[in-house]
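Using full-length UniProt numbering, the first residue of the sequence shown is number 1, and each one after it goes up by one. Notes for the one structure printed next.
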Amino acid sequence: LSYIKALIYPNVNIHNFTTSWRDGMAFNALIHKHRPDLIDFDKLKKSNAHYNLQNAFNLAEQHLGLTRLLDPEGEQADVMTPK
């Protein structure tokens, strides 16, 4: 967890491996840190969790070759379920 905290941006709060990831900002920050050309990070909003999660998971699958293992569920993405 400390590796992730050091890697991403100060305005993205990472405290644990569950609730800290629900708004999708941490996933997008990780991708942006390594591939800033894929995301306009400044335009993402914490309040748009479903979009943020879909965006990060789609980019990771399409551009980074990572298999999608989670799907956001519901409008507010309160729960992420294994795929």
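For each residue, glycine too, the CB sits at the ideal point set by N, CA and C. In this text, all values refer to a predicted model and were calculated from it rather than measured experimentally.
Could you name each continuous beta strand (DSSP E) segment of 3 residues or more that falls completely within the UniProt domain "Calponin-homology (CH)" (1-83), going from the start of the chain to the end? 70-73, 79-82
Looking only at its own chain, which residues have a Cβ that is under 6 angstroms from the Cβ of K66, when we skip the five neighbours before and after it? The sequence given here has Leu at residue 66, not Lys. Taken in chain order, the residues that qualify are A60.
If the criterion is Cβ atoms closer than 9 angstroms, does the pair Y3 and F41 meet it? no
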